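Numbering (our numbering), first residue to last: 89 to 307.
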């Protein structure tokens, strides 16, 4: 994630997703896998995109209490030759948030409302992946960032993100039950609710114990 002014080959996100450029990027990336399920291609593409978006956002908040400006209509994207997102551009460094006691959904609300809700609509319309799958893809990286950022991982906040059916404002929580932390062979493992479909793409390794499909965990 860079300042948009430093991402010289960046394209405004609204233009990228509405102009056919996203569809072409998916086709370019799909050529890597031959005749593969386009939903799996789109889901895998979204993993690169969502990790580039959510991990910097969460780490900036967790470590610096800084809220990055991630409004969809104000950001840019640059691609690699294979069609995958190489970098995302934000318009400014961001603003400081209010102290350490901020509730997790308040911290995530700009990310959820101003970006994820919009891009997930495009992932469905062009890539054909269900919103529940896209939200699950995002939840994996947010959970990871919360649990690993800094010397005091925000495990309670990560648990709240996926355990509450409703957000504090009473609206449905799209992250509810996306991830489950279970005991297996004496170890605690994190497991997705919905498979990301990567097993349909040749040459892509399994996500191991994280996978929602028991048959794919040891592939």
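Note that beta-carbon positions come from the ideal geometry of N, C-alpha and C, so glycine has one too. Quick caveat: nothing in here was measured; it's all calculated off a predicted structure.
Residues near residue 126 in its chain [Cβ-Cβ closer than 8 Å; skip 5 each side]:
Counted from its first residue, the chain shown places residue 126 at position 38. Closer than 8 Å at Cβ, skipping near neighbours: 114, 118, 215, 216.
Should residue 252 and residue 245 be called a contact, given that it needs their Cβ atoms to be closer than 7 Å?
On the chain shown, position 164 is the one that residue 252 refers to. On the chain shown, position 157 is the one that residue 245 refers to. No; because the gap between Cβ atoms is not below 7 Å, this pair is not in contact.
Helix, strand or coil at residue 166 [DSSP, three-state]:
As a first step, residue 166 is located in the chain shown; it is residue number 78 there, counting from the start. Strand.
Can you tell me whether DSSP reads residue 240 as helix, strand or coil?
For the purposes of this step, residue 240 is taken as residue 152 along the chain shown, with counting starting at 1. Residue 240: coil per DSSP, three-state reduction.
Roughly how many angstroms lie between the CA atoms of residue 159 and residue 111, to the nearest whole one?
As a working mapping, residue 159 is identified with position 71 in the chain shown. As a working mapping, residue 111 is identified with position 23 in the chain shown. Cα-Cα distance, rounded: 22 Å.
Is residue 221 helix, strand or coil when you go by DSSP?
Position 133 of the chain shown, counting from 1, holds the residue named residue 221. If DSSP states are grouped into helix, strand and coil, residue 221 belongs with the helices.
Using CA coordinates, which residue listed in 297, 285, 262, 163 is at the minimum distance from residue 273?
Along the chain shown, one-based indexing puts residue 273 at 185. Nearest option by C-alpha distance: 297.
Residues bridged to residue 90 (per DSSP)
Mapped onto the chain shown, residue 90 falls at position 2. Per DSSP, 177.
Per-residue burial, residue 231 [other beta carbons within 10 Å of its own, 16 or more giving buried]:
Locating residue 231 in the chain shown gives position 143, counting from the first residue. Counting Cβ neighbours within 10 Å, residue 231 comes out buried, since at least 16 surround it.
Quick check on DSSP: helix, strand or coil for residue 249?
Start at 1 with the first residue of the chain shown, and residue 249 comes out as number 161. Helix.
Among 156, 135, 147, 168, the one whose alpha carbon lies nearest that of residue 98
For the purposes of this step, residue 98 is taken as the residue at position 10 of the chain shown. Nearest option by C-alpha distance: 168.
Would you tell me roughly how many angstroms separate the C-alpha atoms of residue 194 and residue 291, rounded to the nearest one?
For this step, residue 194 is matched to residue 106 along the chain shown. For this step, residue 291 is matched to residue 203 along the chain shown. Each residue's alpha carbon lies about 39 Å from the other.
For residue 277, three-class secondary structure by DSSP
For the purposes of this step, residue 277 is taken as the residue at position 189 of the chain shown. DSSP places residue 277 in strand when its eight states are reduced to three.
Taking Cβ to Cβ, would you say residue 92 is nearer than 7 Å to residue 211?
Residue mapping note: residue 92 aligns to position 4 of the chain shown, counting from 1. Residue mapping note: residue 211 aligns to position 123 of the chain shown, counting from 1. Going by C-beta atoms, residue 92 is not nearer than 7 Å to residue 211.
Close beta carbons around residue 262, own chain, < 7 Å, minus the five adjacent residues each side
Within the chain shown, numbered from 1, the residue matching residue 262 stands at position 174. 223, listed in sequence order.
Selection from 173, 109, 156 that minimises the alpha carbon distance to residue 203:
If you number the chain shown from 1, residue 203 lands on position 115. When only C-alpha atoms are compared, the closest one is 156.
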